[in-house]
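A.B. asks: Residue numbers (the numbering used here), protein chains in the order written: chain A, 1 to 133; chain B, 1001 to 1133; chain C, 2001 to 2133; chain D, 3001 to 3133.
Take a look at the following structure, please.
4 protein chains.
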Amino acid sequence: MRIDANKFAPFLGFEITEINEGEIAGELDFKPHHQQQNGYLHGGITSAILDMVEGFAAYSMVREGDLVFTVEAKIAYLNRGMGKKFFAKGWVMKPGKRFHFCEGELWYEDDGGKKIIVAKGSATMAVIPKEEA
Amino acid sequence: MRIDANKFAPFLGFEITEINEGEIAGELDFKPHHQQQNGYLHGGITSAILDMVEGFAAYSMVREGDLVFTVEAKIAYLNRGMGKKFFAKGWVMKPGKRFHFCEGELWYEDDGGKKIIVAKGSATMAVIPKEEA
Amino acid sequence: MRIDANKFAPFLGFEITEINEGEIAGELDFKPHHQQQNGYLHGGITSAILDMVEGFAAYSMVREGDLVFTVEAKIAYLNRGMGKKFFAKGWVMKPGKRFHFCEGELWYEDDGGKKIIVAKGSATMAVIPKEEA
Amino acid sequence: MRIDANKFAPFLGFEITEINEGEIAGELDFKPHHQQQNGYLHGGITSAILDMVEGFAAYSMVREGDLVFTVEAKIAYLNRGMGKKFFAKGWVMKPGKRFHFCEGELWYEDDGGKKIIVAKGSATMAVIPKEEA
């Protein structure tokens, strides 16, 4: 399985919790090695996680054997990552023959249970048919 | 020191090798846990490293005590990350009072020593003066 | 009025049809000079319109006299612009003290009245308080 | 010719001044209808021009009959557009089979003749071979 072949997600501590067609969700327990210099979630982890959920969302819509790779991705950092647990979701905004345009969000819940969005992502995933791979 | 306070860089194995005003360089030895599903460097690591070198490049141009944070970042993935060692550089393309616009590159050298660029980044770093932080 | 001071919107033929706090809508009747080389809506017009609705959405949330300017913007081109009339909406995804993060969409309706999204935008708008302007 | 088929460039007043393989340059004389609300060059024009020079740069590297379209584009607005004449250049940063990654710049010269960069662009251009178009 392609998602299992990914060695970086478990190293990071990111777990996929839900796989639907065109939509993937996962979680990360915040650990000290995830901190940037001011104690918040490192932006690089945010971008790594968004890359995963956006990419897996694209994978979930291709045929067995087709390849998917990230052409480009943008992330807007909306709020500081201050939670103890982070949640992420990636979805295919617009599927296509050559590309899947994806978006993603990473968030935590504050003490009152309110969802605070840390980052919003927007990525272009290329689909390479297995015949050309 | 702010760069030392960053816990994620050593966890990832990324080392800063050069710090100049407005320009930062570093290296990563490729390890199995850095792989994505096809054995190449994970795009999330590429984005994490670019975020570091672009952010540190911005840091290198602010006063002691000022804060820097990533407002947004885009990455274009130009080539597959196939090397055994990866190099990264981040620089301030246009410094400013409120923002430093930064760019970054991540690359490896092929067997003939040719530089193959894996990714090019473009990021907006906000500067928060210590008086307002 | 700031929106009226904009000379480019009328030149382009783009009309604002709705102004709410944090959300702006408008329309463009497709004319021959809006074409790119294959007869579709020129991507530069799409980007110009998204810049307007995203920027105006940010303007709608600042105090009289504060300035707003686009720091950066990304656009994903989802479908060819084949309509006779185009619609656009811009909204503030996340307001802030220093920035308003905005998004926008441009679309047309096909012969059956179905909404076909041509482009999705994501932009960072800086807010400069009048005291500092 | 494809560049001539583009109706929007002449409407805008943008002229291509140089065409080389993988690199395109052009100029715009600043007119009142190019103004945004504070009298500077409208960001939408900047984005339209960058889309043109980046797209034409990609065109210059494909076979007669192949199609090129913008998948996504990002623009960073570095300085206010205050000139009387604006210059733009687009180039292919990394050509490829399926995509050409392009960059572009728009600038003016201040009274002392110094180049002031108004915006830097980064775009993904898809190449559709004529056999599939």
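The beta carbon of each residue, even a glycine, is placed where N, CA and C say it ideally should be.
Can you find the residues in the same chain that come closer than 7 Å, C-beta to C-beta, to C:M2001, ignoring five residues on each side of it along the sequence?
C.D. replies: Residue confidence is low: C:M2001 scores 39 on pLDDT, short of 50, so the model does not pin down where it sits. Its coordinate-derived value is still stated next. Cβ within range, chain order: n/a, list empty.
A.B. asks: According to DSSP, is A:Y59 helix, strand or coil?
C.D. replies: If DSSP states are grouped into helix, strand and coil, A:Y59 belongs with the helices.
A.B. asks: Using a Cβ-Cβ cut-off of less than 7 Å, give me the residues of the stretch 2047-2075 of chain C that come near chain B, in sequence order.
C.D. replies: So the list reads V2071, E2072 and K2074, given in the order they occur along the chain.
A.B. asks: Using a threshold of 8 Å, state whether the C-beta atoms of A:A25 and A:E18 are closer than that.
C.D. replies: Yes; because the gap between Cβ atoms is below 8 Å, this pair is in contact.
A.B. asks: Measuring only between beta-carbons, confirm whether C:F2101 sits less than 8 Å from chain A.
C.D. replies: Yes, C:F2101 counts as interfacial toward chain A.
A.B. asks: Taking only beta-carbon positions, decide if B:A1133 is within less than 8 Å of chain C.
C.D. replies: Chain C, which has no Cβ nearer than 8 Å to the Cβ of B:A1133, makes this no.
A.B. asks: Determine the DSSP secondary structure at C:E2054, reduced to helix, strand or coil.
C.D. replies: Helix, per DSSP.
A.B. asks: With distances taken from CA atoms, which of C:G2065, C:G2055 and C:M2093 is nearest A:K120?
C.D. replies: With distances taken between Cα atoms, A:K120 lies closest to C:M2093.
A.B. asks: Would you mind reading off the limits of the beta strand (DSSP E) that contains B:L1067?
C.D. replies: Segment L1067 to Y1077, the beta strand (DSSP E) holding B:L1067.
A.B. asks: What residues in its chain sit with their C-beta under 8 Å from that of A:A73, if we drop five residues either side in the sequence?
C.D. replies: Cβ neighbours of A:A73 beyond the five flanking positions: S47, L50, D51, E54, G121, S122, A123 and T124.
A.B. asks: Just to check my reading of the structure: A:A126 and A:F101 have Cβ atoms closer than 8 Å, yes? What is that Cβ distance to the nearest angstrom?
C.D. replies: Not really, about 11 Å apart at Cβ, beyond 8 Å.
A.B. asks: If we cut at 8 Å on Cβ distances, does B:P1032 have a partner in chain A?
C.D. replies: It does; some Cβ of chain A falls within 8 Å.
A.B. asks: Is it buried or exposed, B:E1015, if we count other Cβ atoms within 10 angstroms and call 16 or more buried?
C.D. replies: Its Cβ having fewer than 16 others within 10 Å, B:E1015 is exposed.
A.B. asks: Quick one: residues in its chain with C-beta nearer than 8 Å to the C-beta of D:F3056, no 5 flanking neighbours on either side, listed in chain order?
C.D. replies: Contacts found: I3003, I3016, I3019, I3024 and G3090.
A.B. asks: In chain order, what residues of the stretch 3034-3045 of chain D put their CB closer than 7 Å to some CB of chain C?
C.D. replies: Those residues of the stretch 3034-3045 of chain D that come within reach of chain C (Cβ to Cβ, closer than 7 Å) are H3034, Q3035, Q3036, Q3037, H3042, G3043, G3044 and I3045.
A.B. asks: Any residues in the stretch 118-133 of chain A with a beta carbon nearer than 8 Å to a beta carbon of chain C? Which ones, in chain order?
C.D. replies: Flagged, chain order: K120, S122 and T124.
A.B. asks: For C:G2043, is the classification buried or exposed, using 16 other Cβ atoms within 10 angstroms of its Cβ as the cut-off for buried?
C.D. replies: Classification of C:G2043: buried, given that the 10 Å Cβ count is 16 or more.
A.B. asks: Which residues mark the beginning and the end of the beta strand (DSSP E) in which A:L28 is found?
C.D. replies: Element bounds for A:L28: E23 to D29.
A.B. asks: Under the rule that 16 or more other beta-carbon atoms within 10 Å means buried, what is D:K3130, buried or exposed?
C.D. replies: Classification of D:K3130: exposed, given that the 10 Å Cβ count is below 16.
A.B. asks: Taking the alpha carbon of B:G1104 as the reference point, which residue from B:I1128, B:G1113, B:K1084 and B:Y1077 has its own alpha carbon closest?
C.D. replies: Of B:I1128, B:G1113, B:K1084 and B:Y1077, the residue nearest in Cα terms is B:Y1077.
A.B. asks: What's the gap between the Cα of C:L2041 and the Cα of A:G39?
C.D. replies: Approximately 47 Å between the Cα atoms of the pair.
A.B. asks: Just the chain B side, please: which residues come within less than 9 Å of D:L3028 by C-beta, in chain order?
C.D. replies: Within chain B, no residue comes near D:L3028; the closest Cβ sits about 21 Å away, beyond 9 Å.
A.B. asks: Going by beta carbon distance, what residues of the same chain come within less than 6 Å of C:F2069, once the five residues before and after it are set aside?
C.D. replies: These residues qualify, in order along the chain: A2126.
A.B. asks: Check each candidate in B:E1109, B:K1097, B:I1117 and B:K1085 and name the one with the smallest Cα separation from B:Q1035.
C.D. replies: Ranking B:E1109, B:K1097, B:I1117 and B:K1085 by Cα distance to B:Q1035 puts B:K1085 first.
A.B. asks: Between A:R63, A:N79, A:E64 and A:G22, which has its C-alpha nearest A:K115's C-alpha?
C.D. replies: Taking only the C-alpha atoms, the option nearest A:K115 is A:N79.
A.B. asks: Please classify C:A2133 as buried or exposed, where buried requires at least 16 neighbouring CB atoms within 10 angstroms.
C.D. replies: Burial call: exposed.
A.B. asks: For A:R80, return the contacting residues in chain D, with the cut-off set at a CB-CB distance below 7 Å.
C.D. replies: Neighbours of A:R80 on chain D: none; closest Cβ ~23 Å, over 7 Å.
A.B. asks: Taking the alpha carbon of A:R63 as the reference point, which residue from A:F87, A:A88 and A:K97 has its own alpha carbon closest?
C.D. replies: Answer by Cα proximity: A:K97.
A.B. asks: With a 10 Å radius around its C-beta and 16 neighbouring C-beta atoms as the bar for buried, classify C:G2081 as buried or exposed.
C.D. replies: By the 10 Å Cβ count, C:G2081 comes out buried.
A.B. asks: Are the C-beta of B:N1020 and some C-beta of chain A separated by less than 8 Å?
C.D. replies: No, because no Cβ of chain A sits closer than 8 Å to the Cβ of B:N1020.
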